[in-house]
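Protein chains: 2
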Amino acid sequence: MRLSEYFLPTLKENPSEAQIASHRLMLRAGMIRQSSAGIYSWLPLGERVLKKISEIVRSEQNIAGAQEMLMPTIQPADIWKESGRYDAYGPELLRIRDRHNRDMLYGPTNEEQITEIIRSCVKSYRDLPKLLYHIQWKFRDEVRPRFGIMRGREFLMKDCYSFDFNYGAARRSYNKMFVAYLRTFARMGLTAIPMRAESGPIGGDMSHEFIIMADTGESQVFCHADCFDYNVLEELVDYQSDLEPLVSRWTDLYAATDEQHDSSEFERSVPPDKRCEARGIEVGHIFYFGTKYSEAMGAFVSGPDGGRVTMEMGSYGIGVSRLVGAIIEANHDDDGIIWPDSVAPFRVGVVNLKPEDHKCNVLGGEVYEKLRTNGIDTLYEDREGRAGVKFANMDLIGLPWQLIIGPRGAAGGRVELKSRKTGQRDELSMEDAIKRVIA
Amino acid sequence: MRLSEYFLPTLKENPSEAQIASHRLMLRAGMIRQSSAGIYSWLPLGERVLKKISEIVRSEQNIAGAQEMLMPTIQPADIWKESGRYDAYGPELLRIRDRHNRDMLYGPTNEEQITEIIRSCVKSYRDLPKLLYHIQWKFRDEVRPRFGIMRGREFLMKDCYSFDFNYGAARRSYNKMFVAYLRTFARMGLTAIPMRAESGPIGGDMSHEFIIMADTGESQVFCHADCFDYNVLEELVDYQSDLEPLVSRWTDLYAATDEQHDSSEFERSVPPDKRCEARGIEVGHIFYFGTKYSEAMGAFVSGPDGGRVTMEMGSYGIGVSRLVGAIIEANHDDDGIIWPDSVAPFRVGVVNLKPEDHKCNVLGGEVYEKLRTNGIDTLYEDREGRAGVKFANMDLIGLPWQLIIGPRGAAGGRVELKSRKTGQRDELSMEDAIKRVIA
Numbered sequence: 005m006r007l008s009e010y011f012l013p014t015l016k017e018n019p020s021e022a023q024i025a026s027h028r029l030m031l032r033a034g035m036i037r038q039s040s041a042g043i044y045s046w047l048p049l050g051e052r053v054l055k056k057i058s059e060i061v062r063s064e065q066n067i068a069g070a071q072e073m074l075m076p077t078i079q080p081a082d083i084w085k086e087s088g089r090y091d092a093y094g095p096e097l098l099r100i101r102d103r104h105n106r107d108m109l110y111g112p113t114n115e116e117q118i119t120e121i122i123r124s125c126v127k128s129y130r131d132l133p134k135l136l137y138h139i140q141w142k143f144r145d146e147v148r149p150r151f152g153i154m155r156g157r158e159f160l161m162k163d164c165y166s167f168d169f170n171y172g173a174a175r176r177s178y179n180k181m182f183v184a185y186l187r188t189f190a191r192m193g194l195t196a197i198p199m200r201a202e203s204g205p206i207g208g209d210m211s212h213e214f215i216i217m218a219d220t221g222e223s224q225v226f227c228h229a230d231c232f233d234y235n236v237l238e239e240l241v242d243y244q245s246d247l248e249p250l251v252s253r254w255t256d257l258y259a260a261t262d263e264q265h266d267s268s269e270f271e272r273s274v275p276p277d278k279r280c281e282a283r284g285i286e287v288g289h290i291f292y293f294g295t296k297y298s299e300a301m302g303a304f305v306s307g308p309d310g311g312r313v314t315m316e317m318g319s320y321g322i323g324v325s326r327l328v329g330a331i332i333e334a335n336h337d338d339d340g341i342i343w344p345d346s347v348a349p350f351r352v353g354v355v356n357l358k359p360e361d362h363k364c365n366v367l368g369g370e371v372y373e374k375l376r377t378n379g380i381d382t383l384y385e386d387r388e389g390r391a392g393v394k395f396a397n398m399d400l401i402g403l404p405w406q407l408i409i410g411p412r413g414a415a416g417g418r419v420e421l422k423s424r425k426t427g428q429r430d431e432l433s434m435e436d437a438i439k440r441v442i443a
Numbered sequence: 005m006r007l008s009e010y011f012l013p014t015l016k017e018n019p020s021e022a023q024i025a026s027h028r029l030m031l032r033a034g035m036i037r038q039s040s041a042g043i044y045s046w047l048p049l050g051e052r053v054l055k056k057i058s059e060i061v062r063s064e065q066n067i068a069g070a071q072e073m074l075m076p077t078i079q080p081a082d083i084w085k086e087s088g089r090y091d092a093y094g095p096e097l098l099r100i101r102d103r104h105n106r107d108m109l110y111g112p113t114n115e116e117q118i119t120e121i122i123r124s125c126v127k128s129y130r131d132l133p134k135l136l137y138h139i140q141w142k143f144r145d146e147v148r149p150r151f152g153i154m155r156g157r158e159f160l161m162k163d164c165y166s167f168d169f170n171y172g173a174a175r176r177s178y179n180k181m182f183v184a185y186l187r188t189f190a191r192m193g194l195t196a197i198p199m200r201a202e203s204g205p206i207g208g209d210m211s212h213e214f215i216i217m218a219d220t221g222e223s224q225v226f227c228h229a230d231c232f233d234y235n236v237l238e239e240l241v242d243y244q245s246d247l248e249p250l251v252s253r254w255t256d257l258y259a260a261t262d263e264q265h266d267s268s269e270f271e272r273s274v275p276p277d278k279r280c281e282a283r284g285i286e287v288g289h290i291f292y293f294g295t296k297y298s299e300a301m302g303a304f305v306s307g308p309d310g311g312r313v314t315m316e317m318g319s320y321g322i323g324v325s326r327l328v329g330a331i332i333e334a335n336h337d338d339d340g341i342i343w344p345d346s347v348a349p350f351r352v353g354v355v356n357l358k359p360e361d362h363k364c365n366v367l368g369g370e371v372y373e374k375l376r377t378n379g380i381d382t383l384y385e386d387r388e389g390r391a392g393v394k395f396a397n398m399d400l401i402g403l404p405w406q407l408i409i410g411p412r413g414a415a416g417g418r419v420e421l422k423s424r425k426t427g428q429r430d431e432l433s434m435e436d437a438i439k440r441v442i443a
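Chains X and L, in that order, give the protein sequences.
Counted the way our numbering counts, the first sequence spans residues 5 to 443.
Counted the way our numbering counts, the second sequence spans residues 5 to 443.
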């Protein structure tokens, strides 16, 4: 993409409304623009990141055996009345009346809707397990939306739902999502720690929030420092196998959010030099809730002996749009964003310091085309302007590589390659620079 | 995907509420399920088609130089008051009040929102042209939703908006979308004819509806029969060039919807044996409206002489979810859907007639794995049951190829390959059958 054509309205000044780094940087980098309180438009650069994150989430859901579907944003109030949540949910629920005066709502989540579908379509224990997800916009009418897309009103969420015949099977579904979530966040360059979370009316140990550490996080968290040493991407995962040993590698170590924190257990089970206390951002939540919805809504199957069995359910959420902010909170410096490779909107920015110079223009065009034809997402700074502004802009938007073309090097086909993360700069031939970017 | 695990709740009976083929077949094939009047959940098979169609739309928008972004579903009423549409729009506009009593709405379209963004971010004629699109859910509170997703309330639409400095540039943007639309529909196996449509307050010849012929279409249309002979995919398109000659290949021939039909011109310009009168379904609409919104909302740039120039705009919509239905209306028979290759949810269905037979089971598993590892979307009928039911089910869901494994052939590694479209069946070795499916 040529910057002379791209719609990238970056800001020079820090926007006064932004209190945290991700909000500030997303506005400055031209990724988002507020539409109304807590509701944002995703401009082209932001939309690219949102899509890359969605694709990683989708890919890991599919690998774990979950099937994608797509439920609507507007739900009938009836099913929420059945579950009892229509009255229980506070003013965060956006209630709507349609032209025929029917009560509707903008879904903040989809337990009722998926339960309604499954109770009508699934009749026998032989049709279980079912693990279904969608990636869809949700609405939560926050009283004070803040931190940009981190606590917005309209947000993109992946929510998955499991339906099982008994507790053992439900636990297998839970473990699949547990591992899929570890892999999902790891692929985005994040260390997300699963922490014991409030388990609702059922109790038990099957509720975990996935938390990444950041000073601006909304929760206080406590964990064993060894949690940070495990890398799930080094594990050979077989979703058909019993995942319990893998899951317990994480769950055996102390890790809890504020609400679930037990300081005496913390001190008993974690040596002093391993006690980690920090602020965290929740990026995912997995939750087993047994028959809460299936009981209320009559979702049952016939068992092997013909008897009626109420299905066991769980739900599994990832804040897809929130992740964009969370990744920035974990990956930035004073100059701007530092995108991990897997979610970067473009892999490389080609910076032409003097496009009005013939040699620079030819070399710049050649580099840009070579990268493009090798399938590398490339942003080409082909506009006239001061070098300092171009460098600052590239650092701000934080692409992993900057390939810099200046009049001095261009004569000999030499370019400079800069890594945004390490700051290291190397002078290379055009070919070597391209090879290093592609690798 | 193994059918023993896949969530595909097909129906044996014709649902009584469905009046047209696509609605009936989408319900029967387990693609969608009604949530409330005019609002549907897309089950896994339907979601796959919706995604394939979206990807084709996206790819052609990008090729034409449009840039993807993503605007929210919920808009503030303020900008609609600025444009004057808040009062002008009827009860189809879903009006919402949030917890702070602010007037909001679920967007049926996004002219105001994109104009608000562009007027704040684009200041100079040098930043034009801009061609921006998104693929997002829309809501139109139809008084009588009908025909399934063809005339639903919540629907997925691609809408693109152009901003230009003058009429000539606006016409170039219009022509880009004209050609992109021809290519988009052609890639889905549809012959969509651009027809003169109501051009709104500005008049002129820059408004076209793209119509596909189907007996169940809601509009009466009139056109020159030669319209059907052109195939844009045989043309070498260069979006940097003047597209006027290519566009006029279509616009020179008479083609108009009911509202724009001029019977004396029709009879004068079309020979009797070329006069085509039929029912049609609108799948896209492109529209130049000059400064209608930019004037009302103060969207201007500074021109080369420093003067203020109000931007020229156009909008370009494709009904993405509606296309699923339109494609079925154009591609089905008494037995079910006949998917064009490019949008089929799976390319091949492997039908194991006797999975309980050891040889069938081994061969079926082998074929399924070979297809999968060659990147072919494959649905594997691995359930026990009667052959007749399996065949009827496969014909219903309409995958392009059926690869049938029975006990007789399995012993010698022979399978039967059936084309859903032609009905032709060939007995082949497993290898040859796979090769033909991959080709």
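Here a beta-carbon is modelled for each residue, glycine too, at the ideal position from N, C-alpha and C.
Interface flag for Trp84 of chain L against chain X is unset, since no Cβ pair is found closer than 8 Å. For Ala201 of chain X, the closest C-alpha among the options X:Ser211, X:Tyr178 and X:Gly368 is that of X:Ser211. Think of a sphere of 7 Å around the beta carbon of Cys125 of chain X: the chain L residues whose beta carbon falls inside it are Pro13, in chain order. For the stretch 290 to 308 of chain L, the set of positions with a beta-carbon nearer than 8 Å to some beta-carbon of chain X is empty. Residues of the stretch 177 to 188 of chain L that bring their beta carbon within less than 7 Å of a beta carbon in chain X are absent altogether. Within the DSSP bridge table, the entry for Pro198 of chain X names X:Phe214 as partners.
Contact between the stretch 181 to 191 of chain X and the stretch 231 to 248 of chain X is established, with three or more Cβ pairs separated by less than 8 Å.
Contact annotation, Leu49 of chain X with Ile401 of chain X: C-beta distance approximately 7 Å; criterion of less than 8 Å satisfied. At a cut-off of 8 Å between beta-carbon atoms, Ser267 of chain X makes no contact with chain L.
Nearest C-alpha to Asp82 of chain X among X:Ile57, X:Ile60 and X:Leu109: X:Leu109. Within the stretch 140 to 153 of chain L, those residues whose Cβ lies closer than 8 Å to any Cβ of chain X are, in chain order, Trp141, Phe143, Asp145 and Val147.
Contact check between the stretch 389 to 403 of chain L and the stretch 16 to 34 of chain L: three or more CB pairs, one atom from each, fall below 8 Å, which counts as touching. Taking each of L:Leu357, L:Glu388 and L:Val352 in turn and checking the Cα distance to Glu373 of chain L, the smallest one comes out for L:Val352. With a threshold of 16 other beta carbon atoms within 10 Å, Ala260 of chain L meets it and is buried.
Chain X has a Cβ within less than 8 Å of the Cβ of Ser40 of chain L. In the displayed model, Asp230 of chain L falls within a helix according to three-state DSSP.
DSSP lists L:Arg6 and L:Val354 as the bridge partner or partners of Tyr384 of chain L. Just measuring C-alpha positions, the residue of X:Arg191, X:Lys422 and X:Met75 sitting nearest Pro344 of chain X is X:Arg191.
Around the Cβ of Asp168 of chain X, a 10 Å sphere holds 16 or more other Cβ atoms; the residue is buried. The C-beta distance from Val287 of chain X to Ala330 of chain X rounds to 5 Å, short enough to fall under 8 Å. The residues Pro359 and Glu360, in chain order, have a CB closer than 7 Å to that of Glu388 of chain X in the same chain once the five nearest residues on each side in sequence are set aside. The beta-carbon of Pro344 of chain L is placed no less than 8 Å from the nearest beta-carbon of chain X.
Per DSSP, reduced to three states, the secondary structure at Ile100 of chain L is strand. For Arg157 of chain X, the secondary structure class from DSSP, reduced to helix, strand or coil, is coil. DSSP places Ala260 of chain X in the strand class (E or B) of the three-state scheme.
In its chain, beyond the 5 residues on either side, Leu421 have a beta carbon closer than 6 Å to the beta carbon of Asp430 of chain L. Under the 8 Å criterion on CB atoms, Thr77 of chain X is classed as interfacial with respect to chain L.
Chain order gives the chain X residues near Glu72 of chain L as Pro48 and Glu51, where near means a beta carbon separation below 7 Å. Asp102 of chain L belongs to the set of residues whose beta carbon lies under 8 Å from a beta carbon in chain X. DSSP, reduced to helix, strand and coil, places Pro80 of chain X within a strand of the structure shown. For Tyr44 of chain X, the nearest beta carbon of chain L is closer than 8 Å to its own beta carbon. In the DSSP annotation of this structure, the continuous segment of the alpha helix (DSSP H) that includes Arg89 of chain L starts and ends at Arg89 to Ala92. Interface criterion met: the Cβ of Gln117 of chain X is under 8 Å from a Cβ in chain L. Close partners of Lys134 of chain L in chain X (Cβ separation under 8 Å): Phe11. Put simply, the stretch 307 to 326 of chain X touches the stretch 148 to 164 of chain X. At least three CB pairs are less than 8 Å apart. In the structure shown, Thr426 of chain X falls within a coil segment according to DSSP collapsed to helix, strand and coil.
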